[in-house]
Amino acid sequence: AVQRNRLRHYLLWLARYSGLGWPVVRLARRRWPASKLARFSRRWYLIFDFNPRPYLRRLEVPILALFGGLDSVVSPEPNSRMLWQALPPAGRARLTSHIIPGANHLFWPAVTGGTREWAMLEKRFSPDLLPLICHWLSEQVVDHS
Numbered sequence: 285a286v287q288r289n290r291l292r293h294y295l296l297w298l299a300r301y302s303g304l305g306w307p308v309v310r311l312a313r314r315r316w317p318a319s320k321l322a323r324f325s326r327r328w329y330l331i332f333d334f335n336p337r338p339y340l341r342r343l344e345v346p347i348l349a350l351f352g353g354l355d356s357v358v359s360p361e362p363n364s365r366m367l368w369q370a371l372p373p374a375g376r377a378r379l380t381s382h383i384i385p386g387a388n389h390l391f392w393p394a395v396t397g398g399t400r401e402w403a404m405l406e407k408r409f410s411p412d413l414l415p416l417i418c419h420w421l422s423e424q425v426v427d428h429s
């Protein structure tokens, strides 16, 4: 029953974020042998059950959250919003969040953002990424001299 519930959560996630849609996911579900379904009981799958909110509420450090605008793995808008909502008011003041236009999950310049195009993309970061990180880091440095 636990494995079936994990599989259900994974299929919901797959249909929503992969761009494949329900018809393809249903077909895959019917064709997958039991041996492939068994992999959902492995430890890596626990990430789908992980709820970060209790940990986010306790953070007391500055937070830089970066999202690729074309990310098909972690949807930028809802996850950015979830992060902001999960933080207490004091934590929200320490949150800096950016969505990098045209970048995929790996922060590479992309066309669609889908994982299928990763092999065809140049393996380089978006030109907007490092300046954002450097600027944020420079704002966090306190001169104690």
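Start counting the sequence shown at 285; every next residue gets the next number (the numbering used here).
For glycine and all other residues, C-beta sits at the position ideal for the given N, C-alpha and C.
- Pairing His419 with Leu311, the inter-Cα distance amounts to about 47 Å.
- Under the DSSP definition of a beta bridge, Gly352 partners with Ile384.
- Assignment of Pro411 by DSSP, reduced to helix, strand and coil, places it in the coil class.
- Arg337 is positioned such that its CB atom lies closer than 8 Å to that of Ala370.
- As DSSP reads the structure, Ile347 sits in a beta bridge with Leu379.
- DSSP, read as helix, strand or coil, puts Pro362 in helix.
- Secondary structure at Pro372: coil, using DSSP grouped into helix, strand and coil.
- Within the same chain, Cβ atoms closer than 6 Å to the Cβ of Leu350 are found at His382, the five residues on either side in sequence being excluded.
- Cα atoms of Val395 and Lys407: separation of roughly 13 Å, rounded to the nearest angstrom.
- If you draw a straight line from the Cα of Glu423 to the Cα of Leu379, it is about 12 Å long.
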